[in-house]
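*Asks:* Keeping their order, the protein sequence lines are chains A and B. Per our numbering: the first sequence = residues 631 to 769. Per our numbering: the second sequence = residues 631 to 769. In this text, a Cβ means the ideal position worked out from N, Cα and C, and glycines have one as well.
Protein chains: 2
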Amino acid sequence: MQIDALKKLFAQSGLKFTNQRYLVYKAMVEARDHPSAETVWRRVRESAPAISLDTVYRTLASLEARGLVTRVPGGSEESRFDGDASPHHHLVCLQCGGIEDFVMPGAGLADLPPEVAAWGRVRDAQVLVRGVCRRCLGL
Amino acid sequence: MQIDALKKLFAQSGLKFTNQRYLVYKAMVEARDHPSAETVWRRVRESAPAISLDTVYRTLASLEARGLVTRVPGGSEESRFDGDASPHHHLVCLQCGGIEDFVMPGAGLADLPPEVAAWGRVRDAQVLVRGVCRRCLGL
DNA sequence: GTAGATGCAAATTGTTTGCAAGAGA
DNA sequence: TCTCTTGCAAACAATTTGCATCTAC
Numbered sequence: 631m632q633i634d635a636l637k638k639l640f641a642q643s644g645l646k647f648t649n650q651r652y653l654v655y656k657a658m659v660e661a662r663d664h665p666s667a668e669t670v671w672r673r674v675r676e677s678a679p680a681i682s683l684d685t686v687y688r689t690l691a692s693l694e695a696r697g698l699v700t701r702v703p704g705g706s707e708e709s710r711f712d713g714d715a716s717p718h719h720h721l722v723c724l725q726c727g728g729i730e731d732f733v734m735p736g737a738g739l740a741d742l743p744p745e746v747a748a749w750g751r752v753r754d755a756q757v758l759v760r761g762v763c764r765r766c767l768g769l
Numbered sequence: 631m632q633i634d635a636l637k638k639l640f641a642q643s644g645l646k647f648t649n650q651r652y653l654v655y656k657a658m659v660e661a662r663d664h665p666s667a668e669t670v671w672r673r674v675r676e677s678a679p680a681i682s683l684d685t686v687y688r689t690l691a692s693l694e695a696r697g698l699v700t701r702v703p704g705g706s707e708e709s710r711f712d713g714d715a716s717p718h719h720h721l722v723c724l725q726c727g728g729i730e731d732f733v734m735p736g737a738g739l740a741d742l743p744p745e746v747a748a749w750g751r752v753r754d755a756q757v758l759v760r761g762v763c764r765r766c767l768g769l
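(1) In chain order, what are the residue ranges of uninterrupted beta strand (DSSP E) at least 3 long that sit wholly in the segment 708 to 769 of chain A?
(2) Less than 7 Å between the beta carbons of B/Val702 and B/Ile681, yes or no?
(3) Name the chain B residues whose beta carbon is nearer than 7 Å to that of A/Val752?
(4) Any beta-carbon of chain A closer than 7 Å to the one on B/Phe732?
(5) Indicate whether at least one CB of chain A lies closer than 7 Å to the CB of B/Val674.
(6) Find the nearest neighbour of B/Asp731 within the set B/Val757, B/Ala747, B/Glu707, B/Ser706, judged by alpha-carbon distance.
(7) Contact between the segment 737 to 748 of chain A and the segment 647 to 660 of chain B: three or more CB pairs below 8 Å?
(8) Could you pull out every residue in the same chain whose Cβ sits closer than 7 Å to the Cβ of A/Leu687, ignoring the five residues on either side in sequence?
(9) Let me make sure I understand the geometry here. Which of A/Val762, A/Leu645, A/Ala661 has the alpha-carbon closest to that of A/Gly727?
(10) Taking B/Val699 as part of the beta strand (DSSP E), name the residues at either end of that continuous run.
(11) If you follow the alpha helix (DSSP H) that B/Ile633 is in, where does it begin and where does it stop?
(12) In three-state terms, what does DSSP make of B/Ser706?
(13) Can you tell me whether A/Asp712 is buried or exposed? The criterion is at least 16 other CB atoms within 10 Å of its CB, across all chains shown.
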């Protein structure tokens, strides 16, 4: 993603363009493994060794509040984040903590039963599958 | 549920029948609000004032390991539990933390795409909807 | 009698916050 | 300049663990 486009994106969201924010967001968009805050921190530190873990937490929280990043549900106590804003579903391995994406037609926002609309305002909907992945099964 | 049936259920799961375990499980089966460990504790203490919070945590963990109780994903850091073992889906209010059930035909285990079976062993699948409930919206 | 369960207290872990200094718009 | 960010350290909150005692089986 172009730097200029990012500056615009941040500005639209009311966020200043800082190097730390830039690096965290870039790491999130590039990540395929739904990293934890600490994992993001480890990665970002390679480009900015002085960045603190709290900044990563704060940055992820503000990106989440703007919908630029999502918190993946269903894992352990440790929060995991997703930089892919497009709607998709998740497979969570209860053993190794690995998280993978999958797609499933017929399980989007439009397919929810009407009672859901009556419940309130929906922010996102996803199918969450929990189990044990192939590798942890020893296959 | 009959005490004898419960004793049998616990025995089948390799769990001793203790008063604490009995009360925690009963509280879970009766609860409609997907309580947190601390909420369960508060309720159970009315019948057993001496029960400790760690026992509630340990009991919920062992019930979960046997599939008698589920951890509801998607809320805050605080774990919420579900004593309803039948498959169903969840609506999570990000504001008040309230959790409600809903049903959705076409979103059961049998409806998952084949790639999910290739991923590993599935323990459970559910649709998770996050948003803000009617009451928190002020309606 | 023995393995598993409980209570207590202390420890752990992930995450948040107050504050002063620093940097973007 | 003025507000938003950051780093540091301390605070927090939920959950787990070690250990000695107790209890179901």
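*Replies:* Here's the rundown:
(1) 710 to 712, 719 to 723, 729 to 732, 750 to 763
(2) no
(3) Val759, Gly761
(4) yes
(5) no
(6) B/Val757
(7) no
(8) Before going on, a small fix: residue 687 of chain A reads as Tyr here, not Leu. Only Ala667 meet the Cβ criterion.
(9) A/Val762
(10) Taken as a continuous stretch (DSSP letters only), B/Val699 belongs to no beta strand (DSSP E), as it is neither H nor E.
(11) 633 to 642
(12) coil
(13) buried
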